[in-house]
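Working notes for the structure below.
There are 2 protein chains.
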Amino acid sequence: MFLRGFTRISKAGFNNKRLHWSCSPALATAAYNQLCSANPLKDITSKHWECAEINFTGSHVLLGARRQVHYGATSAVEDQLDPFSLVADELSLLANRLRSMVVAEVPKLASGAEYFFKMGVEGKRFRPTVLLLMATALNMPVPMSSAERSSNFGVVDTLATELRTRQQCIAEITEMIHVASLLHDDVLDDADTRRGISSLNSVMGNKLAVLAGDFLLSRACVALASLNNTEVVSLLAKVVEHLVTGETMQMTTTSEQRLNMEYYMQKTYYKTASLISNSCKAIALLAGQTAEVATLAFEYGKNLGLAYQLIDDVLDYTGTSASLGKGSLSDIRHGIVTAPLLFAIEEFPQLSKVVQRGFDNSADIDIALEYLGRSQGIQRAKDLAQKHATQAAQAIDSLPENDDEDVRRSRRALVDLTHRVITRTK
Amino acid sequence: MFLRGFTRISKAGFNNKRLHWSCSPALATAAYNQLCSANPLKDITSKHWECAEINFTGSHVLLGARRQVHYGATSAVEDQLDPFSLVADELSLLANRLRSMVVAEVPKLASGAEYFFKMGVEGKRFRPTVLLLMATALNMPVPMSSAERSSNFGVVDTLATELRTRQQCIAEITEMIHVASLLHDDVLDDADTRRGISSLNSVMGNKLAVLAGDFLLSRACVALASLNNTEVVSLLAKVVEHLVTGETMQMTTTSEQRLNMEYYMQKTYYKTASLISNSCKAIALLAGQTAEVATLAFEYGKNLGLAYQLIDDVLDYTGTSASLGKGSLSDIRHGIVTAPLLFAIEEFPQLSKVVQRGFDNSADIDIALEYLGRSQGIQRAKDLAQKHATQAAQAIDSLPENDDEDVRRSRRALVDLTHRVITRTK
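Top to bottom, those sequences are chains A and B. Here my numbering = 1-based position in the first sequence + 45. Here my numbering = 1-based position in the second sequence + 45.
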């Protein structure tokens, strides 16, 4: 899932701060509480952005006319310049609302859902950041009849505030759907219990994880209904279906599908890119933008999501180093075949037989890694990620021109994110 | 859950037909397929209603002016008179639509969801039956201005057809939410795996059951959005939250809550009565009825649901006989304390200590049964069920008077259901 990778950024960030996020859940929660103790949401927000900053070693795009660009630096000045900081205050508000939203009538359910928001403290802010930046990036005049213009005279500010609130609501709903999908993804299959239990399940149990996810989905649905926009409701309900379809595709891959690049990209869209692309589109629809603009917003989200996942697949093999086998190798160990290996098979067709055996035997993993090392698989996966990142940036560049400084800054931040996603090494 | 009990009716019905529905899932599916082979939906419908008829030994309310009433009989004539038969054709259409709806892009997911519809072949029709009867029962003039009346002149029939389609959609959505909740309820907690695995989980695995449920929820959400009625979307989204809350309340009861009748009734409302009551209300809202009528529809559903569950709790102790201990004793074995035992504790406070030990020890179950047998617990639970059934019937009787024969027949059928629910013995 999208968050998993982004959570890695968080882990690394916290590690840099000598806080081991990848430790036991109890310790992680304690660490989180410690971070939050002064001002729960404000503090974690600023620390978090600092952490996120540390992990991007690539180039940073100039975010403001008077701002200085640093490459690979992590100075205090730069911390205030990153895309995330542009919407930091709104993100705090949003986090507050999400937190109060999970307070249900049954304390255990609330703590279950909240626990997961804590666990995903980093990842949960990436999507809202993109969506709030997109809202500003599309903050431009909407085609309107003269009658509409005259009837809106004098209430433009009120309408703008109302629109922003509705767009923030999309950001919250997106986060709820995302966390719900994570809760449900972590429910173990009967056969999986032998592989060891994830931290979430060991804390909550399968059933409570399912119920907490359902609770979030129902809250998301109530919030969606309040937006009173049928197209947006359908769009985000469809996303839930995509998340399910993607997860099921991964669970039930036939040996033929396992070797199919098209199948892999379709699954990646469903599992990773559908949520961010459709919620970007929802931001445009709520603003009353044209179908063309809504499509560009969708294309940005889709390509950003695909680029992110492709890099995630590469990092699963390489980890922090450039060499193979230094990553967690989590995908291949679970029999999940991703882009690097699919490209390697194109060069070495004999590798397909090994892949089709499913990697239950660790010797097969070694053989696959050897082939992968001799192939262009890693590089071609990176190239494909670059292609999608470029397409995402092009979508932003294709938006109708606008002179407003806030709009331009947010668009640059969105383009900056496309660079960050592909240049990250963690 | 609501369905579980109604499924028992089905099982008994099929047993009467010498088809053992409580056999292995594969066999059950084969039996179902056999029943459906000629005309999948029409055949199972007529056979099913016949079965359902057999299991009600109570009095039947006259359903039509020219129809003859039989008490405790199961003649072919009577099979055509029961509440279910009034909406049989529509139910077939609905079942067809549900079936085509579960055909997703991923065959395994579709078969997973469809498998469950097959499993719940009986129960899945109870809620739609109530809702379609309610739709007809409320088919009466809506307060309308003269301007609205003149603008609708000549299109009344079209509007009526459109309304009916939207109300059928509520019936479908209700069924989807219900089946999704069953799928998720059946996901096992880590601690539960030792208790033995339910048939669904053994066939699908935890994760696929979760995904199939999510899939149904997302389809329900898309269908809800298409109704373009914010109040109805909120109402049914709230139901999902209630189902979750009820299940969580049951899972996380403290020893104090375990002895609290109010807590028990609240949980029962969330788990059993919220879905049917709120979907009855949705039927009224879509018809544009007044708040008073919508409340009566809600009250009918709520009290029918509560009465049903109370009888279910009694039957879990008594089974088909009048004596204790002949039921499956499933609740008490799982440490779930229901109305009969709560009433018994009021008479014998010393029983509370036994209850608080949680029934891990089977000797405690025997002690509790002995106390229960000496108490009025069973009778008081039945009396409470009767009270709610009467309140449900009163809600129907309080609807604005109407001379239309279809309307009157549907109202009688809804009242008839309140008798059937409390007089059933299986």
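Every residue gets a Cβ at the ideal spot worked out from N, C-alpha and C, and that includes glycine.
(1) How many Å lie between residue 372 (chain A) and residue 432 (chain A) at the Cα?
(2) Please list the segments of the beta strand (DSSP E) lying wholly inside the segment 238-298 of chain B, counting only runs of 3 or more residues, in order along the chain.
(3) Is the distance from the Cβ of residue 174 (chain A) to the Cβ of residue 451 (chain A) below 7 Å?
(4) Straight-line CA distance for residue 224 (chain B) to residue 216 (chain B)?
(5) Flag residue 263 (chain A) as yes if its beta-carbon sits less than 7 Å from any beta-carbon of chain B, otherwise no.
(6) Measuring only the C-alpha atoms, how far is residue 395 (chain A) from residue 424 (chain A)?
(7) Would you please verify whether the beta carbon of residue 217 (chain A) is less than 7 Å from any beta carbon of chain B?
(8) Give me, in chain order, the residues of the same chain whose beta-carbon lies closer than 6 Å to that of residue 110 (chain B); leave out the 5 immediate sequence neighbours on both sides.
(9) Can you tell me where the alpha helix (DSSP H) with residue 171 (chain A) in it begins and where it stops?
(10) Check the Cβ of residue 184 (chain A) against every Cβ in chain B and list those closer than 7 Å, keeping chain order.
(11) Of the residues that make up the segment 272-284 of chain A, which ones have a beta carbon closer than 7 Å to any beta carbon in chain B?
(12) Any contact between the segment 345-357 of chain B and the segment 293-309 of chain B? By contact I mean 3 or more CB pairs, one from each, below 8 Å.
(13) Chain A partners of residue 316 (chain B), CB-CB under 7 Å?
(14) Cα-Cα, which of A:276, A:264, A:269 and A:320 is closest to residue 287 (chain A)?
(15) Compare the C-beta of residue 255 (chain A) with all C-beta atoms of chain B and state if any pair is closer than 7 Å.
(16) On the CB-based measure, 16 or more other CB atoms within 10 Å of its CB, does residue 398 (chain B) come out buried or exposed?
(17) Anything in the segment 282-302 of chain A with a Cβ closer than 7 Å to a Cβ of chain B? List those residues in chain order, please.
(18) I need the straight-line Cα distance from residue 259 (chain A) to residue 437 (chain B), nearest angstrom please.
(19) Taking a contact to mean a Cβ-Cβ separation below 7 Å, would you say residue 324 (chain A) touches residue 219 (chain A) in this structure?
(20) With a Cβ-Cβ cutoff of 7 Å, do residue 233 (chain B) and residue 334 (chain B) count as a contact?
(21) Which of the three DSSP states, helix, strand or coil, is assigned to residue 306 (chain A)?
(22) Whose C-beta lies closer than 6 Å to the C-beta of residue 383 (chain B) among residues of the same chain, with five residues either side of it excluded?
(23) Please state whether DSSP places residue 471 (chain A) in a helix, a strand or coil.
(24) Taking Cβ positions, are residue 278 (chain A) and residue 270 (chain B) nearer each other than 7 Å?
(25) Among B:170, B:407 and B:177, which one has its Cα closest to the Cα of residue 329 (chain B)?
(26) Quick check: is the beta carbon of residue 312 (chain A) nearer than 7 Å to any beta carbon in chain E?
(27) Can you tell me the Cα-Cα spacing of residue 342 (chain A) and residue 304 (chain A), whole angstroms?
(28) Tell me whether residue 210 (chain B) is buried or exposed, calling it buried when 16 or more other Cβ atoms sit within 10 Å of its Cβ.
(29) Which same chain residues, not among the five before or five after residue 344 (chain A), have their C-beta less than 6 Å away from its C-beta?
(30) Hey, residue 318 (chain B) and residue 346 (chain B) are a contact pair by Cβ (cut 8 Å); roughly how many whole angstroms apart?
(31) Hey, would you say residue 401 (chain A) sits closer than 7 Å to residue 300 (chain A), going by beta carbons?
(32) What three-state label does DSSP hand residue 343 (chain B) in the structure shown?
(33) Have a look at residue 362 (chain B) and residue 374 (chain B) and give me their C-alpha separation to the nearest angstrom.
(34) One question on the structure: do residue 255 (chain B) and residue 282 (chain A) come within less than 7 Å of each other, judged by their Cβ atoms?
(35) Can you find the residues in the same chain that come closer than 6 Å, C-beta to C-beta, to residue 404 (chain B), ignoring five residues on each side of it along the sequence?
(36) Compute the beta-carbon to beta-carbon distance between residue 331 (chain A) and residue 212 (chain A), rounded to the nearest angstrom, for a pair I have assumed lies under 8 Å.
Quick look at the numbers:
(1) Distance from the CA atom of residue 372 (chain A) to the CA atom of residue 432 (chain A), rounded to whole angstroms, is 23 Å.
(2) Those beta strand (DSSP E) runs which fall completely within the segment 238-298 of chain B and span 3+ residues do not exist here.
(3) With a cutoff of 7 Å on beta-carbon distance, residue 174 (chain A) and residue 451 (chain A) are scored as not near each other.
(4) Looking at the two C-alpha atoms, the distance is approximately 12 Å.
(5) At least one chain B Cβ lies under 7 Å of residue 263 (chain A).
(6) For residue 395 (chain A) and residue 424 (chain A), the gap between their C-alpha atoms comes out near 20 Å.
(7) At a cut-off of 7 Å, the C-beta of residue 217 (chain A) has no neighbouring C-beta in chain B.
(8) Below a pLDDT of 50, predicted positions are generally treated as unreliable, and residue 110 (chain B), at 28, falls in that range; the measurement from the model is reported next regardless. So the list is empty, once near-sequence residues are dropped.
(9) DSSP places residue 171 (chain A) in the uninterrupted alpha helix (DSSP H) bounded by 171-182.
(10) Residues of chain B passing the Cβ test: none, with the nearest at roughly 26 Å.
(11) Cβ contacts with chain B come from 273, 275, 278, 279, 282 and 283.
(12) At 8 Å Cβ cutoff, the stretches do not touch.
(13) Here the premise fails: no neighbours, minimum Cβ distance about 12 Å.
(14) The residue with the shortest Cα to Cα distance from residue 287 (chain A) is A:320.
(15) At least one chain B Cβ lies under 7 Å of residue 255 (chain A).
(16) Taking all protein chains shown into account, residue 398 (chain B) has fewer than 16 neighbouring C-beta atoms within 10 Å of its C-beta and is therefore exposed.
(17) For the segment 282-302 of chain A, which is checked against every Cβ of chain B, the residues closer than 7 Å are 282, 283, 285, 286, 289, 290, 292, 293, 294, 296 and 297.
(18) If I take the Cα positions, the gap works out to 30 Å.
(19) Taking a C-beta distance under 7 Å as the contact criterion, residue 324 (chain A) and residue 219 (chain A) qualify as a contact pair.
(20) No, these two residues do not count as a Cβ contact at 7 Å.
(21) When DSSP states are grouped into helix, strand and coil, residue 306 (chain A) belongs to the helix group.
(22) Close CB contacts of residue 383 (chain B) within its chain, under the 6 Å cut and outside five residues either way in sequence, are with 358 and 376 (chain order).
(23) If DSSP states are grouped into helix, strand and coil, residue 471 (chain A) belongs with coil.
(24) For the 7 Å CB-CB criterion, residue 278 (chain A) and residue 270 (chain B) form a contact.
(25) Ranking the options by Cα distance to residue 329 (chain B), first place goes to B:177.
(26) The chain inventory of the structure shown lacks chain E, comprising the protein chains A and B.
(27) Between residue 342 (chain A) and residue 304 (chain A), the C-alpha separation is close to 31 Å.
(28) Looking at its Cβ environment, which holds fewer than 16 other Cβ atoms inside 10 Å, residue 210 (chain B) is exposed.
(29) Setting aside the 5 residues that flank it on each side, residue 344 (chain A) is surrounded in the same chain by 440, each with a C-beta closer than 6 Å to its C-beta; the list follows chain order.
(30) Contact between residue 318 (chain B) and residue 346 (chain B) holds: their C-beta atoms lie close to 7 Å from each other, under 8 Å.
(31) With respect to residue 300 (chain A), residue 401 (chain A) sits close: the two C-beta atoms are nearer than 7 Å.
(32) Note: residue 343 (chain B) maps to helix in three-state DSSP.
(33) Straight through space, the alpha carbons of residue 374 (chain B) and residue 362 (chain B) are spaced by roughly 5 Å.
(34) No. Outside cutoff.
(35) Hits under 6 Å: 377, 380 and 410.
(36) Indeed, because the Cβ distance is near 6 Å, the residues count as touching under 8 Å.
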